[in-house]
Amino acid sequence: MTQADASGTDAKRTPATPVHSAQAHYHLRGALDPRFAAAQLENAYRAFFLETDKRHAIIAIGVYALLKASFAVVDVLVQPPAGLSRILFFRFAFVAACAATMALMVRVRRSGQYDALVLGWVLLVVVSSFYTISHRPADHFGFLVTSPIQLLLVFAFFRNRLGLQMQAGLIMVAADCFALLELRVPMATPMLVQVALSYAIAFLVGVMVSRQLKLSRRRMYEALAREREFSQAMRDLAFRDDLTEVLNRRSFLQHADAAWETLAGGAGGCVLILDIDHFKALNDRHGHDAGDQALVGFARMIQAASREEDLFGRIGGEEFALLLPAMPLAEAQRFAESIMAGCRALQVRQVEPLSVSIGIAAIRAADGNLATTMLRADRALYRAKAAGRGRSSTAEEDEMAATG
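Position one of the sequence shown corresponds to residue 1 (the UniProt record's numbering), numbered consecutively onward.
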């Protein structure tokens, strides 16, 4: 079991980040198209809202497809009979393409796929609209009413990057400008100005609304992320030792007890109780800062040497406990020797080399619970201290001596 696992299931989903370092982490860049400066945070933000964005896009595409299908009535009223069947076929082919796009949108798993699909659908809209316009009578200007609505639809419902929304909007405007100037009968200048203003207003309103929505969502995400970070920090305080950042006594015992039940019935393992020798004297001679450095260095050394599945915690002032799942006693003794060697090699400011005494007990079903196994390891620890410190002893040695 890893240390993160032992801190609770939420720790797997949200890594602990110090709250005091978050200000720069959440900085936004880009005046027009605001994004988090940290790429990892931006990607997490988009992933967080991806399902919502997909849902909005599916609704927008569906509504637009229904509107497009309803304009078949206009086709019947204004289209010459010769080309009616062809334009109706193309219109309903577009509706079918919209349905296919909606089906693909359901399968989207990454924001990049979402962006590409939305832009592809916009191009499909442009091609469809251009085809319809080109096959309408030259004096028909109905698209001038619907196109600004399309623009607003793109900005309001497709929550991808504003730059992509603007590209899609400009493609729509360019296609309509070409249709208006090349495929329609000439319009009076005042009417052209009104049309240009309606497009410009729709575009600018869309940009402003989209930007405000993006800012609001990012601020909401920032608040949620900060809350998660704060909650994780509080969980760490509850489950971890404040100085060494390993599991505290309560957390170690809670998770070790659950692991013991499994190990005693099958894979076995060992429990080690570790005590830094002469720690009180070290504090008295060199001060508490040096003592704290020794504890932190010792804890980090153990963490670096431990396996991912091992469980390590501080259970007293200078006393630590280590649960080694599925590790035979002989291997646990060798591991204890390596810990003692690592302890002697620790460099702590103005402090003589450290030593540690270790008591080892194999996990066995006959103990009945973790407390008994730890008691056996604790007795072995006292035997190691009585024998001169800086060494390890096993509960099995004690038990053999008692019976021998």
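The beta-carbon is built from N, C-alpha and C at its ideal position, and this holds for glycine as well. Here the structure is a predicted model, which means the values were calculated and not measured.
Between residue i and residue j, what straight-line distance do the alpha-carbon atoms span, to the nearest angstrom?
i	j	result
Lys280	Leu243	17 Å
Phe90	Arg228	50 Å
Arg349	Ala380	31 Å
Asp367	Phe312	21 Å
Arg109	Gln333	49 Å
Phe178	Asp33	28 Å
residue 419	Lys68	Outside the shown range of the chain (1 to 404) lies residue 419, about which nothing can therefore be said.
Phe155	Val207	7 Å
Arg249	Gly316	7 Å
Phe94	Gln232	49 Å
Leu77	Leu180	21 Å
Leu213	Leu151	16 Å
Tyr221	Gln165	21 Å
Arg161	Leu253	49 Å
Asp284	Phe48	52 Å
Phe158	Pro80	36 Å
Val351	Val271	29 Å
residue 421	Thr146	In the structure displayed, the chain extends from 1 to 404; residue 421 sits before or after that span and is not available.
Asp277	Tyr382	11 Å
Arg226	Arg240	20 Å
With H, G and I counted as helix, E and B as strand and the rest as coil, what does DSSP make of residue i?
i	result
Pro81	helix
Thr394	strand
Ile61	helix
Arg314	strand
Gly269	strand
Ile276	strand
Ile360	strand
Phe320	strand
Leu247	strand
Val19	Only weak support exists for where Val19 lies, its pLDDT of 36 falling under 50; the value from the coordinates is given anyway. Here Val19 sits in helix by DSSP.
Arg46	helix
Arg300	helix
Gly388	coil
Pro353	coil
Pro148	helix
Arg240	strand
Using CA coordinates, which residue listed in the options is at the minimum distance from residue i?
i	options	result
Ala267	Leu88, Ile363 and Tyr64	Ile363
Leu354	Trp121, Glu318 and Val74	Glu318
Val246	Arg219, Phe320 and Gln232	Phe320
Val173	Ser210, Gln212 and Val127	Val127
Glu309	Arg300, Gly269 and His288	Gly269
residue 426	Ile58, Asp284 and Gln79	Since the first and last residues shown for the chain are 1 and 404, residue 426 lies out of range.
Arg307	Leu323, Asn283 and Gln232	Leu323
Tyr131	Val296, Leu84, Gln167 and Ala37	Leu84
Val118	Gln79, Gln167, Ala82 and Val73	Gln167
Ser111	Leu180, Ser392, Leu77 and Arg46	Arg46
Ile339	Arg314, Leu41, Asp289 and Arg391	Arg391
Leu204	Ile149, Ile273 and Asn248	Ile149
Asp275	Phe92, Arg314, Gln303 and His288	Arg314
Ser357	Ser70, Ala223 and Asp378	Asp378
Leu170	Ile273, Thr373 and Val122	Val122
Phe335	Glu42, Asp115, Thr394 and Pro80	Thr394
Arg389	Thr373, Thr372, Ala361 and Arg344	Arg344
Asp115	Thr372, Thr146 and Gly163	Gly163
Phe71	Ala39, Gly291 and Ile133	Ile133
Leu41	His135, Ala188 and Arg219	Arg219
Within 10 angstroms of the Cβ of residue i, are there 16 or more other Cβ atoms? Answer buried if so, exposed if not.
i	result
Cys98	buried
Val125	buried
Asp53	buried
Ala386	exposed
Ala384	buried
Pro190	exposed
His255	buried
Leu282	buried
Gln347	exposed
Asn369	exposed
Met234	exposed
Val74	exposed
Phe230	exposed
residue 409	Here the chain comprises residues numbered 1 to 404, so residue 409 is not present and cannot be evaluated.
Ala24	Only weak support exists for where Ala24 lies, its pLDDT of 47 falling under 50; the value from the coordinates is given anyway. So Ala24 counts as exposed.
Ile360	buried
Gln293	buried
Gly297	buried
Ile87	buried
Ile299	Going by the sequence as given, residue 299 is Ala instead of Ile. Classification for Ala299: buried.
Gly120	exposed
Arg107	exposed
Could you confirm whether any beta carbon from chain B is found closer than 9 Å to the beta carbon of residue i?
i	result
Ala267	The structure shown contains no chain B, having only a single protein chain.
- Does the segment 327-341 touch the segment 256-264, meaning 3 or more C-beta pairs lie closer than 8 Å? At 8 Å Cβ cutoff, the stretches do not touch.
- Query: How do the segment 56-74 and the segment 190-201 stand: do at least 3 beta-carbon pairs fall below 8 Å, yes or no?
  - Reply: Result no; under three Cβ-Cβ pairs closer than 8 Å.
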